[in-house]
Amino acid sequence: MKKTDTLFIGVILGLLVLVAHYSVVGGSIFASLMVLINLLDSKERRTYESKRRFEERKNDC
40 MKKTDTLFIG VILGLLVLVA HYSVVGGSIF ASLMVLINLL DSKERRTYES
90 KRRFEERKND C
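Mind the numbering: the sequence shown is residues 40 to 100 in the numbering used here, read in order.
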């Protein structure tokens, strides 16, 4: 193998490692954002349902 071939393979492997690292970091950030959005959405839904139940109880009386 020539020196340029070794350098080329090293550059490609380095790029693969960088891409894998950033995809793991990006994936974990994306997952944490989805969990946060889901928590906020469920909290909002719970608040809306309790308000609706309160209105229904008020109308029943």
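Backbone N, C-alpha and C fix where the C-beta goes; we use that ideal spot for every residue, glycine too.
Which of helix, strand or coil DSSP assigns to residue i
i	result
K90	helix
K41	coil
Rounded C-alpha distance that separates residue i from residue j
i	j	result
D44	L54	15 angstroms
R91	K97	10 angstroms
Y26	L78	Absent from the model: residue 26. The displayed extent of the chain is 40 to 100, so no value can be given.
V63	S89	39 angstroms
Other residues of its chain near residue i: CB distance less than 6 angstroms, five sequence neighbours each side excluded
i	result
I68	none
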